[in-house]
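Following: one structure in structure tokens, then a few remarks.
There are 2 protein chains.
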Amino acid sequence: MDNHELTIDRVFHALSDPTRRAIVMRLSAKPSAVGDLFAPMPMALPTLLKHIRVLEECGLVATKKVGRERICEMQPEALRTTDAWLAQQRSVLEARLDRMEAYVLDLQKTENKNGRRKKRK
Amino acid sequence: MDNHELTIDRVFHALSDPTRRAIVMRLSAKPSAVGDLFAPMPMALPTLLKHIRVLEECGLVATKKVGRERICEMQPEALRTTDAWLAQQRSVLEARLDRMEAYVLDLQKTENKNGRRKKRK
DNA sequence: CCATCAGTTAGTCAAATAGCTAACAGTCGT
DNA sequence: ACGACTGTTAGCTATTTGACTAACTGATGG
Numbered sequence: 001m002d003n004h005e006l007t008i009d010r011v012f013h014a015l016s017d018p019t020r021r022a023i024v025m026r027l028s029a030k031p032s033a034v035g036d037l038f039a040p041m042p043m044a045l046p047t048l049l050k051h052i053r054v055l056e057e058c059g060l061v062a063t064k065k066v067g068r069e070r071i072c073e074m075q076p077e078a079l080r081t082t083d084a085w086l087a088q089q090r091s092v093l094e095a096r097l098d099r100m101e102a103y104v105l106d107l108q109k110t111e112n113k114n115g116r117r118k119k120r121k
Numbered sequence: 001m002d003n004h005e006l007t008i009d010r011v012f013h014a015l016s017d018p019t020r021r022a023i024v025m026r027l028s029a030k031p032s033a034v035g036d037l038f039a040p041m042p043m044a045l046p047t048l049l050k051h052i053r054v055l056e057e058c059g060l061v062a063t064k065k066v067g068r069e070r071i072c073e074m075q076p077e078a079l080r081t082t083d084a085w086l087a088q089q090r091s092v093l094e095a096r097l098d099r100m101e102a103y104v105l106d107l108q109k110t111e112n113k114n115g116r117r118k119k120r121k
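Chains H and U supply the protein sequences, listed in that same order. Oh and the first sequence: position 84 is 84 in our numbering, straight run, nothing missing. Oh and the second sequence: position 12 is 12 in our numbering, straight run, nothing missing.
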């Protein structure tokens, strides 16, 4: 019953498919009906529909029925949450690499001062 | 033959699994041997090994054999590439939403000037 | 040198995924 | 009212995934 859950699991999984990433790119530019999204896609309509459902269930996209069309549009929040996870990892990782680089540079400086016979046995 | 490909597909897929995200988080903090990663995981060793291979094949992690251990460490580049994709979508989407908000605010202002009978039928 | 330690390979299995076709169901224009 | 338009549902299939156990390989450490 409780679909439309915004779990990082689901969002990453949704974005792992090139068709779904293409949909996300189009919907980021502007909301569209299912038929508009379908036009350029090399697959059957029900297949596309299923991709849209996946995007909906992870919270990346919301849809509403208007007449006989279904309009799809991006939900900025899901994108932000996922971006935040990635940014967090990057910052932890890159902070550590920077510290390491600083440490190595410091080592080199110390070596230059204290002992130059390093290269000989 | 050509594994270790850094495709956005593979990176997103790799990150869609909570076990693999946990590995990424630990390796972002510091490189570790397979055994260290294994210790807190509630699964068999070969299962963990396979997760590590997935991370390796998408370019997120690199490993090297040292004695009888295998040391794993993060590859910052893969994280950056994926982060860039997400950031790009966010910027397109949020720029559009901002324009739309501005437009709506402008409409409201115009209405306030021209016609106040809006609320009555 | 041989037991233990740290992975590794191979093989099995259930569930999930992405694709298809065929048939059905609301809406709209005339 | 009815045909065309736009989805939608219901199966079916092949492939991939994430998990397991059992058996194997290559490095220590004593």
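Glycine included, each C-beta is placed from N, C-alpha and C at the ideal position. All figures in this text were calculated on a predicted structure; none of them were measured in a lab.
Against H/P18, the close residues of chain U are D9, in the order they occur along the chain (beta-carbon pairs closer than 7 Å). Around the beta carbon of H/A78, 16 or more other beta carbons lie within 10 angstroms, which makes this residue buried. In this structure, H/T7 sits away from U/L86, with a CB-CB distance that is not shorter than 8 Å. Within the segment 84-95 of chain H, those residues whose Cβ lies closer than 7 Å to any Cβ of chain U are, in chain order, L86, A87, Q89, R90, V92, L93, E94.
About 5 Å separates the CB atoms of U/A14 and U/C58; that is less than 8 Å, so the two are in contact. Contact annotation: the segment 42-56 of chain H does not touch the segment 47-65 of chain U, with fewer than three C-beta pairs closer than 8 Å. The Cβ of H/R80 sits closer than 8 Å to at least one Cβ of chain U. Each residue's CA atom was taken as its position, placing U/Q108 and H/T47 some 41 Å apart. For U/M41, there is no enclosing beta strand (DSSP E), as DSSP gives it neither H nor E.
Cα atoms of H/V104 and U/R26: separation of roughly 22 Å, rounded to the nearest angstrom. Contact with chain U is found for H/A29, since one of that chain's Cβ atoms lies less than 8 Å from the residue's Cβ. For chain U, the residues of the segment 21-53 of chain H that bring a beta carbon within less than 9 Å of one of its beta carbons are R21, V24, M25, L27, S28, A29, K30, in chain order.
For U/R70, the three-state secondary structure derived from DSSP is strand. Under the three-state reduction of DSSP output, U/K30 falls in the coil class, being neither helix nor strand. Contacts with chain U at 8 Å (Cβ-Cβ) include H/L97. For H/L15, the neighbours in chain U by C-beta distance under 7 Å run, in chain order, F12.
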